[in-house]
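For reference, the structure is listed below as structure tokens.
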Amino acid sequence: MKKIVEVLADKVSLIERSQVLVVDKIQSAIASRGQCSIALAGGSTPKPLYEALAQENLPWDKIHIFWGDERYVAPNHPDSNQLMARQAWLDKIEIAETNIHPIPTEANNPEIDAQSYEAELRKVFAASPEEFPTFDIILLGMGDDGHTASLFPHTSVLNEAKKAIAVGNKDGQPRITFTVPLLNQARCVLFLVAGANKQAALEQVFAAQGDAMTYPSRLINPQGELWWLLDRNAGAKINVPISC
Ligand code: 6PG
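Numbered per the working numbering, the sequence shown spans residues 599 to 842.
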């Protein structure tokens, strides 16, 4: 694993840097393998990145879009990560619906929807039951408690070693999420973290020693590249010079 940490002066700079990085990784994947698989983060941080990517002129027919986690709500619910990405990005570009792979949330049973998504991943990636599909890019955010995707502190999903997709939970509310082994199979994981409220958790995630059950982002160590793009407020206690 190659870990790169960049602290940007502010959130606008962080988003601009992430846009350059994501476009570069997409183009590299297409050049190498003829297509690109990218899993999107939810939450609020990545929304301006998605809005910026909607302005890019990319071969959308060669790009397959997935989600790293989803709240267990209908696709038109205001909390839906799918809805956010569609409104910010996907509804604004020419991309076939067959290239968009949302996490299903309508079986009224999170376990069934998680199994369906895993089956879809394995089909799209032509992966055997024993393999974890290898994503080209996985975008992640981090909560102020150190969670990422829907891998929340001290939840059983943190220990999932066989499934690629599982049911997590936030305060008892079900969520569907990539598991740690699926995340760590990626060629490139890119964390986007902004805001002073993330400072303390980031310090714990970056510490040489720490408890990954309490700070689950510590569990993310992909086989490929691990990028952390932080704004100055989030990265204030991380000993890395500000990137210009
Ligand atoms: C979600 C995300 C979650 C998010 C973090 C950070 O479904 O909410 O996947 O892991 O990335 O909570 O959220 P913010 O970007 O809003 O701070």
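Yeah, the Cβ is synthetic: ideal placement off N, Cα and C, and Gly gets one too.
Residue-chain proximity (residue i, chain D), Cβ-Cβ < 8 Å
i, result
"ASN782", "Here chain D cannot be found, since the structure has a single protein chain."
Nearest-angstrom beta carbon gap, residue j and residue i [assumed within contact, 8 Å]
i, j, result
"GLN685", "ALA650", "At roughly 14 Å, the Cβ-Cβ gap does not stay under 8 Å, so GLN685 and ALA650 are not in contact."
"ALA784", "GLU716", "That pair is no contact at about 16 Å."
"SER748", "GLY770", "Incorrect: roughly 13 Å between the Cβ atoms, too far for contact."
"ALA832", "VAL791", "5 Å"
Candidates the options: closest to residue i by CA position
i, options, result
"CYS634", "GLY770, THR732 and ASN837", "THR732"
"SER642", "ALA759, PRO751, LEU738 and GLN821", "LEU738"
"ILE698", "SER678, PRO676, ASP659 and GLU758", "ASP659"
"GLN625", "ILE735, THR746, GLY766 and ALA683", "ILE735"
"LYS645", "ALA759, VAL610, LEU781 and PHE776", "VAL610"
"LYS721", "GLU604, HIS662 and ALA799", "HIS662"
"THR775", "TYR648, THR703 and GLU728", "THR703"
"GLY793", "LYS601, ASN757 and ASP608", "ASP608"
Residue range of the alpha helix (DSSP H) that includes residue i
i, result
"GLN802", "797-804"
"ASN582", "Nothing can be reported for residue 582: it is not among the residues displayed for the chain, which extend from 599 to 842."
"ALA712", "708-723"
"LYS645", "645-651"
For residue i: DSSP bridge partner residues
i, result
"LEU606", "ASP829 and SER841"
"HIS699", "PHE664"
"LEU590", "This structure cannot settle anything about residue 590, because the visible part of the chain is limited to 599 through 842."
"LEU638", "TRP665"
"LYS600", "GLU823"
"THR775", "ASP667 and ALA764"
Element boundaries [beta strand (DSSP E), containing residue i]
i, result
"ALA764", "763-768"
"VAL791", "786-791"
"ILE735", "735-738"
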